[in-house]
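Numbering (our numbering), first residue to last: 8 to 107. See below for the structure under consideration.
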C-alpha cells in the first residue's frame, strides 16, 4: 500500500489508514501521473501488459510467478538458487523532467 502518506499526530506510524485492507485490493486514490515522475524503479519480469509495461524497453529482483513461494520467503543455502528466478530492476530517469 506504499507509497502513501502517513497519518499525522502522535504515533502516526502506528495508525492503520482506512485504505489498508487484508484482501490485497488496489486503492485508486493512491495512483499518480507517471509523467510527473523524475525517477521510476521498474521490475522486468519478461511479461508485459497494457497496465504494466516494461518501462526499460521504452525509449525516450525476484520474479514471483516463476519462483517457488517457500524458497522466495525463506533463503535456504544450496537450495534457494535452484528454485528462485531473478528479474532485473531498472532505475529510469525522466528525460522531460529535471531535478531542481
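Using N, Cα and C, we set each Cβ at its ideal position, and we do this for glycine too.
For residue 46, no alpha helix (DSSP H) segment is defined; the enclosing uninterrupted segment is the beta strand (DSSP E) at 46-51. Within the DSSP secondary-structure output, residue 78 pairs in no beta bridge.
Where residue 97 is concerned, the enclosing beta strand (DSSP E) starts and stops at 95-100.
Membership of residue 89 in the alpha helix (DSSP H) is indicated by the continuous run 87-90. For residue 106, the secondary structure class from DSSP, reduced to helix, strand or coil, is coil.
The residues 78, in chain order, have a CB closer than 6 Å to that of residue 87 in the same chain once the five nearest residues on each side in sequence are set aside. In the same chain as residue 104, and ignoring 5 residues on each side of it, the C-beta atoms closer than 6 Å to its own belong to 45, in chain order.
Taken through DSSP and simplified to helix, strand or coil, residue 14 comes out as coil.
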